[in-house]
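Residue numbering for the sequence shown follows my numbering, beginning at 443 and increasing consecutively.
Comments concern the structure below.
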Amino acid sequence: MGCVKPVERADPRWRREEPTVELWELAARESIRDLVARYNANGDSGRFDQVMALFAPDAVMEIEGDAPRVGHEEIRTIFTGAAGRADWGDRPVHLRHITGTHQIDLVDESRATGRCYYFVLTAVGLDHWGRYLDEYRVVDGQWRFAKRRVSTDGRSPDTLFAKEQ
443 MGCVKPVERA DPRWRREEPT VELWELAARE SIRDLVARYN ANGDSGRFDQ
493 VMALFAPDAV MEIEGDAPRV GHEEIRTIFT GAAGRADWGD RPVHLRHITG
543 THQIDLVDES RATGRCYYFV LTAVGLDHWG RYLDEYRVVD GQWRFAKRRV
593 STDGRSPDTL FAKEQ
């Protein structure tokens, strides 16, 4: 049984003539991660004005199976509609969207794409889960959603957010 020999620091693979990542790339990736986190935190708390501020004015949001919504006012109806459809009953209200496996591809210093998984916890436990496919762009010096596509891969039988019939 053999072992893998560790790479020695003298090995040429350790030497780099140029940095592999530029500072703007790190700043862009961290800003985009923060954008996605604020989307979930503000949406879960019902702070829809703060959610809308995360979208470019002409942004598009698509929920799988629904018509695309364009601009802040149309996108807002997605959030207010979901809040109105939720069947909270007599359960305590808590809503937590958690994202993971967030991949960000930088196109240039002002455009990027991304994808991540999400799952939603409510009073019933795991409520539903799926994927976000995003396009981001810089607006007035800040990263914003240019497009967000939401697909739901599955739902708990007890989901509080049943798809409209």
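In this text, a Cβ means the ideal position worked out from N, Cα and C, and glycines have one as well.
Are there 16 or more other CB atoms within 10 angstroms of the CB of residue i, so buried, or fewer, so exposed?
i    : result
E474 : Residue identity check: residue 474 is Ile in the sequence provided, not Glu. So I474 counts as buried.
H539 : buried
P534 : Low confidence applies here, because P534 scores a pLDDT of 48, under 50, leaving its location unreliable and the question unanswered by this model.
D569 : buried
A495 : exposed
T564 : buried
W466 : exposed
L602 : buried
Would you kindly report the start and end of the unbroken alpha helix (DSSP H) that includes residue i?
i    : result
D491 : 490 to 494
S593 : No alpha helix (DSSP H) contains S593, which is instead part of the beta strand (DSSP E) from 584 to 597.
E506 : No alpha helix (DSSP H) contains E506, which DSSP labels as neither H nor E.
L477 : 465 to 486
Could you name the residues of the same chain whose beta carbon sits closer than 8 angstroms to that of residue i, not counting the 5 residues immediately before and after it, in chain order?
i    : result
T522 : F490
D486 : L537, R538, H539
G513 : P499, D500, A501
Would you mind giving the Cβ-Cβ distance between residue i and residue j, rounded to the nearest angstrom? I have them listed as a contact below 8 angstroms.
i    : j    : result
A479 : L548 : Not really, about 18 angstroms apart at Cβ, beyond 8 angstroms.
S593 : R573 : 5 angstroms
Spatial neighbours of residue i within its chain, please: CB distance less than 7 angstroms, with the 5 preceding and 5 following residues excluded, ordered by chain position.
i    : result
V463 : none
Tell me the residue span of the beta strand (DSSP E) that contains residue i.
i    : result
T541 : 538 to 550
F561 : 553 to 564
D576 : 567 to 581
Going by beta carbon distance, what residues of the same chain come within less than 6 angstroms of residue i, once the five residues before and after it are set aside?
i    : result
K589 : V502, E577
D595 : W571, G572
Q492 : N484
A506 : In the sequence on display, residue 506 carries Glu and not Ala. S593, listed in sequence order.
R591 : E504, L575
E515 : none
> Contact between the stretch 491 to 503 and the stretch 552 to 569: three or more CB pairs below 8 angstroms?
Replying inline: no
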